[in-house]
Amino acid sequence: MTHQLFPTAALVRGPHGLALEGVALADIAAHQGTPTFVYSLAEIRRAYGAWRDALAGRDALVCYAVKANSNLGVLSAFARMGAGFDIVSGGELARVLAAGGEAGKVVFSGVGKSEVEMRQTLSAGIGCFNIESPSEVARLDAIARELGTRAPVALRVNPDVDARTHPYISTGLKNNKFGIAFDDAFDLYRDAAARPGLRVVGIACHIGSQLLDPTPMADATTKVLELVDRLAAAGIALEHIDLGGGVGIRYRDETPPTIAEYLAPILARLEGRREALHFEPGRSLVGNAGVLLTRVEYLKHGETMNFAVVDAAMNDLARPALYDAWHEVVEVAPHGEPQTYEVVGPICESGDFLAHERPLAVAEGDLLAILSAGAYGMTMSSNYNTRGRAAEVIVDGNAMHVVRERESVESLFALESRLPE
Ligand SMILES: *Cc1c(COP(=O)(O)O)cnc(C)c1O
Numbered sequence: 001m002t003h004q005l006f007p008t009a010a011l012v013r014g015p016h017g018l019a020l021e022g023v024a025l026a027d028i029a030a031h032q033g034t035p036t037f038v039y040s041l042a043e044i045r046r047a048y049g050a051w052r053d054a055l056a057g058r059d060a061l062v063c064y065a066v067k068a069n070s071n072l073g074v075l076s077a078f079a080r081m082g083a084g085f086d087i088v089s090g091g092e093l094a095r096v097l098a099a100g101g102e103a104g105k106v107v108f109s110g111v112g113k114s115e116v117e118m119r120q121t122l123s124a125g126i127g128c129f130n131i132e133s134p135s136e137v138a139r140l141d142a143i144a145r146e147l148g149t150r151a152p153v154a155l156r157v158n159p160d161v162d163a164r165t166h167p168y169i170s171t172g173l174k175n176n177k178f179g180i181a182f183d184d185a186f187d188l189y190r191d192a193a194a195r196p197g198l199r200v201v202g203i204a205c206h207i208g209s210q211l212l213d214p215t216p217m218a219d220a221t222t223k224v225l226e227l228v229d230r231l232a233a234a235g236i237a238l239e240h241i242d243l244g245g246g247v248g249i250r251y252r253d254e255t256p257p258t259i260a261e262y263l264a265p266i267l268a269r270l271e272g273r274r275e276a277l278h279f280e281p282g283r284s285l286v287g288n289a290g291v292l293l294t295r296v297e298y299l300k301h302g303e304t305m306n307f308a309v310v311d312a313a314m315n316d317l318a319r320p321a322l323y324d325a326w327h328e329v330v331e332v333a334p335h336g337e338p339q340t341y342e343v344v345g346p347i348c349e350s351g352d353f354l355a356h357e358r359p360l361a362v363a364e365g366d367l368l369a370i371l372s373a374g375a376y377g378m379t380m381s382s383n384y385n386t387r388g389r390a391a392e393v394i395v396d397g398n399a400m401h402v403v404r405e406r407e408s409v410e411s412l413f414a415l416e417s418r419l420p421e
């Protein structure tokens, strides 16, 4: 097995330090400042191509999970490649449409769809609502009738398989808030099929994120197919099967399956089926396309630990603080002898770290790249400590496109006001 140095081939060490595709990260820092998220268009295209190739010749739709990275530049890249989109809010639909995506290729997931969101997405003509509760069935039916239409629906079933991933990102077990209990799904399908405001079109299943083994999802597929066949026998014929997202990526030393390897046991169980296939990958499409570029403000040498205080923080990249997630940290241009550092941000929280105990050859003012930051980076960022959010840049060969300007401080309180005198 070839083990490339970095988790993406788009990241290379060139004569001017680390570069993403043909653009030196130092040039991006010089033009845009830091912290800045930088994404490789080539890596996004390669990742989407892996899904498309593995599904070639099938009636399949890859719906990019917008919550992983919802920047309009990123979404426009997927729209141009013909992707569908998996959204979890009305706001995400607005982004998809603004980026040039097709409403008909949108699936709407999530346990808490509001009435306003249902009206908005139904009027826009989205492809499918993935329903997660009996109350949602009733609400969507009522709204669709009021609008004089029929809402296309799939039930998101919970197959009760253990995805064997982090508990916060595991969603397919009985005791969590997602999906409809497997044993309740049949009756709820009958209820939905009898409602004039609904058109039952599919079934959906998503068991968790950062999956490194396809077996749980293949087992879930088998359970889903049994239900599809029982429904068909009862006169409810489904048009598509949505097998969610969740494929893991390499952050450190994980060996995730390739997309073809992940899909092989799943597709084997779908042999001879006539239903169309939907998938909802997020992380595996953008995670390794992005780095967070940050500058070392201070080096602090303590009695037992050294700290590299950088200008990115937990508000920019929450995953280390939230999940104790590992992100590789690499010098853009190494400097001197390596020492072991805690890489921390300027925020007033002990949880504000980006990495623990990393050997880094750095001086104050140097740039660091935090790898695998393309998914659940910017989208989970906040303005904590009144920090404007990072800029975002997409590189395409030798070109760089600023796809989000750095937030100004004024914009952070533009919606606020002082008390009346
Ligand atoms: C978050 C989510 C996804 C995407 O998960 P990834 O791990 O990023 O691939 C897909 N479908 C649903 C319903 C989700 O909640």
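The sequence shown begins at 1 in UniProt numbering and counts up by one. Here a beta-carbon is modelled for each residue, glycine too, at the ideal position from N, C-alpha and C. All of these numbers come straight from a predicted model, not from anything done at the bench.
For residue i, which option in the options has the closest C-alpha, if you only look at C-alpha atoms?
i       : options                            : result
Val-38  : Ser-411, Gly-377, Pro-420, Phe-413 : Gly-377
Lys-300 : Pro-346, Leu-18, Arg-273           : Pro-346
Gly-351 : Pro-320, Ser-284, Arg-230          : Pro-320
Ala-185 : Asn-130, His-327, Arg-269          : Asn-130
Leu-277 : Arg-404, Ala-312, Ala-414, Trp-51  : Trp-51
Lys-105 : Val-224, Leu-41, Cys-63            : Cys-63
Leu-212 : Ala-77, Arg-190, Ile-241, Gly-246  : Gly-246
Gly-82  : Gly-91, Asn-71, Gly-101, Ser-89    : Gly-101
Ile-259 : Glu-92, Glu-117, Pro-281           : Pro-281
Arg-150 : Asp-141, Ala-218, Gly-365          : Asp-141
His-31  : Leu-419, Leu-415, Glu-421, Met-400 : Met-400
Ala-234 : Pro-257, Ala-193, Ala-268, Arg-273 : Ala-193
Glu-405 : Leu-231, Thr-8, Asn-71             : Asn-71
Val-74  : Leu-231, Ala-99, Arg-269, Glu-407  : Ala-99
Gly-33  : Leu-367, Ala-237, Val-137          : Leu-367
Leu-138 : Asn-383, Lys-177, Arg-190          : Just to set this straight, residue 138 is Ala in the shown sequence, not Leu. Comparing Cα-Cα distances from Ala-138 to each of Asn-383, Lys-177, Arg-190, the minimum goes to Arg-190.
In chain order, what residues of the same chain have a beta carbon less than 6 Å from the beta carbon of residue i, not counting five sequence neighbours either side?
i       : result
Thr-2   : Its pLDDT being 45, under 50, Thr-2 is placed unreliably in this model, and the value from its coordinates should be taken loosely. Result list for Thr-2: empty, nothing under 6 Å.
Ala-19  : Val-12
Arg-387 : Asn-315
Asp-59  : Ala-276
Ala-289 : Tyr-39, Ser-40, Glu-43, Ile-44, Gly-374
Val-403 : Asn-71, Gly-73, Glu-392, Ile-394
Arg-195 : Asp-141
Quick one: give me the first and last residue of the alpha helix (DSSP H) that residue i is part of.
i           : result
Ala-79      : 72–80
Pro-265     : 259–269
Arg-199     : Note, Arg-199: premise wrong, no alpha helix (DSSP H); beta strand (DSSP E) at 198–204.
Lys-223     : 215–233
residue 434 : This structure does not reach residue 434, given that the chain is present from 1 up to 421, and the question cannot be answered.
Glu-43      : 41–54
Leu-285     : 283–286
Leu-212     : Unbroken run through Leu-212: none, as it is neither H nor E.
Just to check my reading of the structure: residue i and residue j have Cβ atoms closer than 8 Å, yes? What is that Cβ distance to the nearest angstrom?
i       : j       : result
Val-66  : Ile-44  : The Cβ separation is near 14 Å, so there is no contact.
Leu-292 : Ile-266 : Their Cβ separation, rounded to whole angstroms, is 32 Å, which puts Leu-292 and Ile-266 out of contact at 8 Å.
Arg-310 : Glu-275 : Checking the sequence, you will find Val at residue 310 rather than Arg. The Cβ separation is near 49 Å, so there is no contact.
Tyr-251 : Ala-313 : That belief does not hold up - the Cβ atoms of Tyr-251 and Ala-313 are roughly 19 Å apart, past 8 Å.
Arg-295 : Val-329 : About 13 Å; that fails the 8 Å criterion.
Ile-180 : Glu-132 : 6 Å
Leu-25  : Val-332 : 5 Å
In chain order, what residues of the same chain have a beta carbon less than 8 Å from the beta carbon of residue i, not counting five sequence neighbours either side?
i       : result
Ala-220 : Pro-159, Val-161, Gly-172, Cys-205, Ile-207, Leu-243
Glu-410 : none
Leu-419 : none
Ile-249 : Pro-7, Gln-210, Pro-256, Arg-283, Ser-284, Gly-287, Asn-288, Ser-372, Ala-375
Below 7 Å CB to CB, which residues in the same chain sit around residue i once its five sequence neighbours on both sides are set aside?
i       : result
Ala-144 : Leu-122, Arg-150, Ala-151, Gly-197, Leu-198
Arg-269 : Ala-218, Thr-221, Thr-222, Leu-225
Pro-15  : none
In the DSSP assignment, find the beta strand (DSSP E) that holds residue i and state where it starts and stops.
i       : result
Glu-357 : 353–360
Exercise for review: Ignoring anything shorter than 3 residues or poking outside the stretch 85–166, list the beta strand (DSSP E) runs there in chain order.
Suggested key: 106–108, 128–131, 151–158
Review point. Which ranges does the beta strand (DSSP E) cover as unbroken runs of at least 3 residues, wholly within the stretch 317–343, from first to last along the chain?
Key: You should have 329–331.
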